[in-house]
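Quick note on numbering: the sequence shown equals residues 275 to 637 in the working numbering.
The C-beta atom is built at its ideal place from N, Cα and C for all residues, glycine as well.
Remarks on the structure that follows.
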Amino acid sequence: RGRKFDPPANMGQAGSTQVASKGREGPAPADTAGAEAKLKGGCPVMRKKGQEADAPLDAKNNMPATPNQAPAPGQTRKLPTDRVESTIPQADGSTKWVYPSPQMFYNALVRKGKASGEEEAHMEAVVAIHNNMNERTWRQILDWERAHKGTCDCPTLARFVGRPDDLSVEAWLRYALTGQVPFDRHDWFVNRCGKEVRYVIDYYDVPTGRDRIPELQDEVSVQSIELNVRPALDSVEAAQDRAARALRTAAADAQKRLQQALRPEPPAPSAAAMAGMRARCKEHMAAVDGCEGDEACAQAHMGLLLCLATESGLCKPQADKVRSLLDAQAPGVDAAREETQECLARFAAQARAGSATPGGESQ
C-alpha cells in the first residue's frame with residue numbers, strides 16, 4: 275500500500291531487559307528516507323486463523339514473550355540491545371511500556387522474512403521513528419481521554435494489535451473520497467479505570483521529504499506520517515465523544531472565519547517597506563541560497579519564513595506562535611507554519627495590489 279515501514283506498536287513489558295531511559299544509544303543514520311522506504315514488519319499483527327506462532331507470544335502485544343536480543347543468523351552488523359522506556363503506563367499503572375531495541379526489531383523482521391543485510395544499517399533510525407510514533411499516538415489518545423477526566427484521570431494502555439490488512443470504515447470513506455489508503459492500522463485498548471476502550475489509529479503517508487531522526491517526544495521531525503486517532507464506535511459513549519469533538523472543531527472554525535471577516539484590512543505595504551523587509555532578512559535569504567542537504571535547507575527556509583513574517587508586522591503573531599511551539603516541541607507546528615505562510619501570501623498580494631493602484635508606489 276505504499277510505505278514499507280510499519281511504525282508502532284512493537285513494545286514489550288517493563289523490566290524484561292536493560293532500559294535506556296534517556297533515548298537511543300549510539301549513532302543513527304542521518305537519512306530516514308531509506309529506513310522508512312525499506313522496512314516493514316517489525317510490529318505485532320493479528321495472526322490469521324489457523325496460523326501458529328513460532329514462539330510463545332505475550333497476549334498483550336502479540337510478540338515473543340521472551341525478548342530475543344541475540345544476533346540473527348547471517349547478521350553482519352552489531353546492533354544495540356538497549357531499550358527505551360516509554361511514557362505510556364501499562365494496565366497495572368506502576369510500570370511503563372518499553373520499546374524494542376534495534377536488535378529486537380531486526381529479529382522481528384528476520385522472523386517474518388522481511389529483512390536483509392542492507393536494512394541493518396537503518397535499524398536505529400527505524401526504532402527512533404517507531405518510538406516517536408507511539409508517543410504521538412498516546413498523546414492524541416490522552417487528548418480524547420480528557421473528556422472523561424472526571425471519572426478517570428489516569429488511563430493506561432492494556433494491550434494493542436496491528437491490523438495492516440483491515441481498513442477501518444473511516445479509512446474506506448477517505449479512500450472513496452480522496453484515493454488515499456493508510457499504510458498501516460492499529461487498535462489500542464485503553465484501560466479507563468477498569469473499563470476497556472478501543473481506539474483505532476490509521477497511519478497515512480504525507481509526502482514532505484523533510485524528515486529527521488526524532489527524539490522520543492519530538493513533534494516536528496517526522497512530518498511524513500499523519501496519524502488519525504479516534505475512539506472506535508463500539509459504544510454510544512464513543513459516538514458521543516466523536517460528535518462532541520466534531521461540533522467543537524466546527525465551532526472553532528466558524529469563530530476563526532468570523533474573526534477574519536471582521537478584521538479590518540490593513541493598508542497595502544509600500545515598495546519601501548518591502549525593500550526594508552528584504553534587507554533585514556538578507557542573511558536568511560543567503561542561507562536559503564547556499565544551503566545543502568534536506569535538514570539544513572528546511573531550517574534555512576523556516577528561518578526566512580519567520581524573519582519575513584516578523585518584519586511584515588501583519589504576520590508577526592503567527593511567527594511568534596511557530597517559535598513558541600518549536601521551543602516547546604509542542605504539537606501544532608505544521609498548522610502554525612501553514613497559517614504563517616498563508617498570512618505572508620496575503621501580505622504579498624496586498625503589496626502587489628497596492629503597487630498597481632493609482633498613486634501606489636511601483637516596485
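Per DSSP, Val474 is paired with what?
Note: Val474 sits in a beta bridge opposite Asp461, Arg504.
Using beta-carbon positions only, say whether Val562 and Ala572 come within less than 8 Å of one another.
Cβ distance not < 8 Å, so Val562 and Ala572 don't count as in contact.
Going by Cα to Cα distance, which pick from Ala389, Leu600, Asp476 is closest to Val443?
The candidate whose alpha carbon is nearest that of Val443 is Asp476.
So what does Ile499 bridge to, in DSSP terms?
DSSP output for Ile499 lists Asp479 as bridge partner(s).
Could you compute how far the alpha carbon of Val358 sits from the alpha carbon of Arg413?
Cα to Cα, Val358 sits roughly 17 Å from Arg413.
Applying the criterion that 16 or more other CB atoms from any shown protein chain within 10 Å of the CB defines a buried residue, is Trp446 buried or exposed?
Exposed, since its Cβ has fewer than 16 Cβ neighbours within 10 Å.
How big is the Cα-Cα spacing for Trp371 and Glu470?
Roughly 17 Å separates the two Cα atoms.
Can the beta-carbon of Phe379 be found closer than 8 Å to that of Met407?
Not closer than 8 Å, so no.
Taking one C-beta from the region 431 to 441 and one from the region 458 to 465 each time, how about it: are there three or more such pairs within less than 8 Å?
Result yes; three or more Cβ-Cβ pairs closer than 8 Å.
Output the distance between the C-alpha atoms of Thr452 and Arg504, rounded to the nearest integer angstrom.
Those two C-alpha atoms are separated by around 20 Å.
I'd like to check one pair, Gln497 with Asp608: are the Cβ atoms closer than 8 Å?
In this structure, Gln497 lies closer than 8 Å to Asp608 by Cβ.
Run the CB neighbour count on Cys589, radius 10 Å, all protein chains shown included, and call it buried at 16 or more, exposed below.
Its Cβ being crowded by 16 or more others within 10 Å, Cys589 is buried.
State the CB to CB distance for the pair Pro354 and Pro376, rounded to an integer number of angstroms; the pair is presumed to be in contact (CB under 8 Å).
The pair is a contact, with the Cβ atoms about 5 Å apart (cut-off 8 Å).
Under 8 Å: do the region 511 to 525 and the region 594 to 601 share three or more Cβ pairs, one atom per stretch?
No, the region 511 to 525 is not in contact with the region 594 to 601.
So is the beta-carbon of Arg357 under 7 Å away from any non-hydrogen atom of the ligand MG?
With respect to the ligand MG, the structure shown offers nothing to examine, as it has no ligands at all.
Smallest Cα separation from Leu507: which of Arg472, Ala346, Lys352?
The shortest Cα separation from Leu507 among Arg472, Ala346, Lys352 belongs to Arg472.
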